[in-house]
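Below is one structure, written out as structure tokens; the observations come after it.
Residue numbers (my numbering), protein chains in the order written: chain A, 125 to 539; chain B, 125 to 539.
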């Protein structure tokens with residue numbers, strides 16, 4: 125039986141290695157994301173009902189309903205959210221991912237990523253920047269105003285630039301940033317820089333005004349996490365072809381909704397295995413403490429699922445200034461992740477670790493055998509709706525996800 | 125006596141640490157570089173006469189004379205160069221630096237860098253890109269055409285953008301690139317990326333055509349070494365205030381003209397101490413070998429003089445793919461350089477080396493005592509005029525420079 129599983133896992137890793145995530149365009153969520161409707165709100169993590177949602181996810185939904193014009197204030201939004209009229213669903217069920225709350229509504233612009241090898245697509249909203257932003261559960265006027273500007277200016281200018289330039293190979297770009305001190309989850313400075321220099325010559329050639337073009341370039345320049353919302357769907361598109369490989373024990377999805385942490389396993393198809401999302405151990409912004417922190421939230425753990433993020437910290441020691449710890453800790457985390465993964469990434473090589481490929485393809489068997497849980501770099505949202513980011517740090521999934529998944533896996537294999 | 129020297133060296137290091145190199149504009153060499161005339165040609169390294177110049181330096185001078193319209197072909201240029209009508213001088217004698225041949229002529233645009241702390245200026249031409257370029261001794265039509273485009277389009281667009289944006293703090297930018305896998309001499313991918321994202325929003329706002337703006341952005345994007353020509357004058361401006369500190373044995377200048385390697389020492393003022401430039405040990409482009417290589421050339425060793433470049437290889441292990449060796453070699457080189465330097469850089473911190481500051485301020489006493497020579501990352505020019513780059517690698521100055529400097533230093537101290 126182990127041989128069958130090993131063979132299936134080799135196939136799973138091979139599909140991941142062969143993936144070619146490519147940015148092919150920008151579109152509107154309603155027109156592009158499968159199953160999207162004007163009254164659908166997608167969110168990060170496994171599916172969850174309104175009554176169980178945490179503060180930041182509720183906050184982002186309130187903001188999403190106001191942005192869509194479905195509610196005109198917080199009270200109306202809450203009433204509507206409670207009414208049952210709104211369809212809530214996981215981004216992951218719609219070929220999409222979203223950082224933190226991950227709230228994606230019908231009018232939002234989304235990056236369109238194609239895995240050129242397998243032909244599947246993935247979608248993600250554009251990154252809003254730092255401070256008070258929807259993805260951290262803020263929904264004040266500045267948040268809504270920024271979302272409208274992103275819809276009316278940022279997205280159209282970038283869309284036109286990408287049309288002029290043609291598809292952008294994200295795999296090669298991510299491979300480069302891994303050699304430039306980004307781990308691709310919580311440090312995206314190199315990625316944001318490479319993306320800007322790639323599109324800037326074409327932004328110039330679009331038919332928008334110089335003021336609009338300049339605003340778009342300044343907006344991206346002001347936010348080193350801009351590239352995160354490209355890395356995430358790139359990795360989603362790379363992992364989705366692993367879904368449903370018979371007998372494979374490789375994890376192809378991990379995500380958190382702020383209440384539950386969920387994982388999905390190749391050989392177990394669409395099923396989520398969930399456990400309570402943990403509180404993050406990290407560095408807090410001045411004025412905030414662990415007591416303010418919401419449990420772990422967001423689809424950005426798709427980066428770790430694909431072998432970057434926390435798994436690639438050894439190539440990005442500067443990140444410890446943001447998430448805590450020492451450069452040696454960063455190397456130790458990466459080294460430890462080889463214990464629970466199927467192989468080494470052929471594209472993502474770490475110069476500081478002698479050009480070794482990042483640990484890639486989490487095997488639920490190895491997690492249980494070694495009792496080593498995946499390490500995740502992440503941002504920390506305030507537990508209350510409407511506040512925003514309060515820090516960044518490191519977290520692990522609950523062991524329960526892996527225990528339940530392995531149990532289901534063994535049951536399936538024994539049938 | 126050693127106490128006097130130690131005290132002077134602390135002062136020298138302090139001046140270097142306090143430097144604030146800032147890009148304040150772009151101008152024409154003739155109008156900005158002190159002592160420049162229409163018939164002056166500045167070159168890299170210590171002063172040298174035409175008869176002793178190596179192939180690539182001669183090639184670049186031939187190109188420079190054609191570009192200036194002082195000669196219409198190779199033959200005329202050589203005749204003019206031999207005639208004595210042209211004044212050749214070191215860039216370093218005119219507050220300037222130039223990579224490889226370093227040829228700077230009257231009409232060339234130059235970056236204007238100001239050390240905001242001490243008020244001194246430094247100048248450098250704009251980087252031409254890769255392939256057949258003047259700085260590697262090529263002077264064919266494509267080289268001259270590119271130089272004219274740089275004069276007529278690249279420089280004016282960038283100049284206007286910098287005027288709109290205001291001064292750019294290069295020290296902070298270099299500190300960031302040292303955390304992004306650049307060592308600042310032979311790897312400048314992060315620096316080029318950060319510079320582009322900084323100026324792009326203002327390039328858009330200039331009054332040039334969209335086609336010109338896009339060409340300028342594409343040109344910078346196509347050349348990962350673009351930032352080298354900003355790092356070099358930044359470091360020149362940071363080091364020049366060290367000139368002439370009584371009793372200081374710290375090196376404030378190192379440079380090569382393709383024939384001689386020269387160093388200058390703080391307490392010894394303007395004097396050069398020279399020895400034969402060495403052949404570089406490195407990786408050659410396909411079709412070329414060590415037999416094609418010219419000896420070490422260029423002012424770019426100003427980076428090592430100021431504590432980056434080869435001295436910061438430990439933060440840029442990816443560079444070994446370009447210059448040879450292993451990531452561990454890179455760390456070892458950096459570690460070794462602490463043996464010959466006065467202190468650790470307060471701005472340039474290396475995450476992979478536990479955020480230790482780069483080894484900074486070469487002390488000629490320590491070089492002689494330890495017999496450890498500075499390590500230099502560099503490009504390799506073909507030995508013949510007109511060919512171009514053939515590889516990249518590592519090199520050291522001749523020990524003779526340090527022996528002669530120490531002798532002169534001791535003599536001076538004993539007076």
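Beta carbons are placed, not taken as given, at the ideal position from N, Cα and C, and that holds for glycine.
It should be emphasised that the depicted structure is a prediction, and the values quoted were computed from it without experimental measurement.
Where residue 472 of chain B is concerned, the enclosing beta strand (DSSP E) starts and stops at 465–474.
For residue 290 of chain A, there are no C-beta contacts with chain B under 9 Å, since the nearest C-beta of that chain is about 14 Å from it. At the C-beta level, residue 373 of chain A and residue 488 of chain A come within 9 Å of one another. Taking a contact to require three or more Cβ pairs closer than 8 Å, the segment 284–304 of chain A and the segment 273–287 of chain B do not qualify as touching. The three-state reading of DSSP puts residue 446 of chain B in helix, counting H, G and I together. The alpha carbon of residue 403 of chain A has as its nearest neighbour, out of A/381, A/392 and A/396, the alpha carbon of A/381. Taking the Cβ atoms as the reference, residue 163 of chain B lies roughly 6 Å from residue 211 of chain B, within the contact range of under 8 Å. Under the 9 Å criterion on CB atoms, residue 479 of chain A is classed as interfacial with respect to chain B. At a cut-off of 9 Å, the C-beta of residue 187 of chain B has no neighbouring C-beta in chain A. By the criterion of at least three beta-carbon pairs nearer than 8 Å, the segment 469–482 of chain A is in contact with the segment 300–319 of chain A.
Non-local beta-carbon contacts of residue 242 of chain B in its own chain, meaning distances under 6 Å to residues more than five positions away in sequence, involve 365 in chain order.
For the options B/317, B/191 and B/229, the alpha carbon positioned closest to that of residue 268 of chain B is the one of B/191.
For residue 327 of chain B, the nearest CB of chain A lies under 9 Å from its own CB, placing it at the interface with that chain.
If you check the CB distance, residue 145 of chain A and residue 361 of chain A come in under 9 Å.
Residue 227 of chain B and residue 182 of chain B have their C-alpha atoms roughly 10 Å apart. DSSP, read as helix, strand or coil, puts residue 370 of chain B in coil. Within chain A, the C-beta atoms nearer than 8 Å to that of residue 450 of chain B come from 478, in chain order. In the DSSP assignment, residue 225 of chain A falls outside any beta strand (DSSP E), carrying neither H nor E. Closest in alpha carbon position to residue 292 of chain A, among A/271, A/333, A/235 and A/435, is A/235. In the structure shown, residue 161 of chain A falls within a coil segment according to DSSP collapsed to helix, strand and coil. Distance from the CA atom of residue 528 of chain B to the CA atom of residue 261 of chain B, rounded to whole angstroms, is 30 Å.
Cβ-Cβ distances below 7 Å link residue 471 of chain B to 295 and 299 in the same chain, with the five nearest sequence neighbours on each side left out; the list follows chain order.
Within chain A, the C-beta atoms nearer than 7 Å to that of residue 341 of chain B come from 324, 325 and 328, in chain order.
DSSP lists A/384 as the bridge partner or partners of residue 400 of chain A. Within the same chain, Cβ atoms closer than 7 Å to the Cβ of residue 412 of chain B are found at 514 and 515, the five residues on either side in sequence being excluded.
According to DSSP, residue pairing for residue 151 of chain A in a beta bridge involves A/234. Residue environment for residue 209 of chain B: exposed (fewer than 16 other C-beta atoms within 10 angstroms of its C-beta). According to the DSSP assignment, residue 441 of chain B belongs to no alpha helix (DSSP H), since it is labelled neither H nor E. Considering only beta carbons, the part of the segment 310–321 of chain B lying closer than 8 Å to chain A consists of 313, 314, 316, 317, 318, 320 and 321, in chain order.
Close to chain B, meaning a Cβ-Cβ distance shorter than 9 Å, is no residue of the segment 348–371 of chain A at all. When 9 Å is used as the limit between beta carbons, residue 283 of chain A is near no residue of chain B, the shortest such separation being about 17 Å.
The C-beta distance from residue 237 of chain A to residue 357 of chain A rounds to 4 Å, short enough to fall under 8 Å. Here the C-alpha atom of residue 530 of chain A lies approximately 12 Å from the C-alpha atom of residue 538 of chain A. Chain B places no beta carbon closer than 9 Å to that of residue 381 of chain A, leaving this residue out of the contacts. Residue 379 of chain A is positioned such that its CB atom lies no closer than 9 Å to that of residue 522 of chain A. For residue 303 of chain B, there is no enclosing beta strand (DSSP E), as DSSP gives it neither H nor E.
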